[in-house]
Structures are given as structure tokens and as C-alpha cells.
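Enquirer: So the sequence shown is residues 72 to 140, counted in this note's numbering.
In this text, a Cβ means the ideal position worked out from N, Cα and C, and glycines have one as well.
Please read all numbers here as calculations on a predicted model, not as lab measurements.
Sharing a structure with you now.
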Amino acid sequence: MTIGTGIVLFVIGAILTFALDIQLEGVNLDMIGYILMAAGAVAFLIGLILLLVRRDRPRGTTVVEDDVL
Numbered sequence: 072m073t074i075g076t077g078i079v080l081f082v083i084g085a086i087l088t089f090a091l092d093i094q095l096e097g098v099n100l101d102m103i104g105y106i107l108m109a110a111g112a113v114a115f116l117i118g119l120i121l122l123l124v125r126r127d128r129p130r131g132t133t134v135v136e137d138d139v140l
């Protein structure tokens, strides 16, 4: 989920920065695009780190029961 969110944020930021040529008074769309691209890159890296951490954990737990008579 985090990886997909990061990619979406990065793509939206790139569209705002490079594809749109709209001038709004008081709003700098290029800066907003750069901020979204940075946030997307950070979210993507966090998602990759979490994926690698989850991969290193053991998949299941083993339960050992001792029958004492």
C-alpha cells in the first residue's frame, strides 16, 4: 500500500511540475509538484524498507507442547 501511494504521489507531483502550464495567483504549482514528488519518494522508500523487514521475519510460529503425566 505504501509503495503504491508513493508512486501515485510522485506521478501527481510530476504532472503538476512538468505537464501543466497554468498560472494561479498565490499558488506555485511547480513547488507543490516538487513537494509531492519528494513525499512520494519518501513513501516509496518507507514501503520498500517495510517490505524487506517483513520478508526477514519467520513466516510461522512453531508451538511445542509437552505432555506431563
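Measure the C-alpha to C-alpha separation of Leu95 and Val124 and round it to an integer number of angstroms.
Expert: One C-alpha to the other measures close to 43 Å.
Enquirer: So if DSSP puts Val147 in a beta bridge, which residue, or which two residues, is it bridged to?
Expert: Here the chain covers residues 72 to 140 and nothing more, so residue 147 does not appear.
Enquirer: At the level of alpha carbons, what is the spacing between Thr132 and Met102?
Expert: 48 Å
Enquirer: By Cβ distance, which residues of its chain are closer than 8 Å to Phe89, with the 5 residues on each side in sequence left out?
Expert: So the list reads Gly104, once near-sequence residues are dropped.
Enquirer: Are Thr73 and Leu107 touching if we call contact CB-CB under 8 Å?
Expert: no
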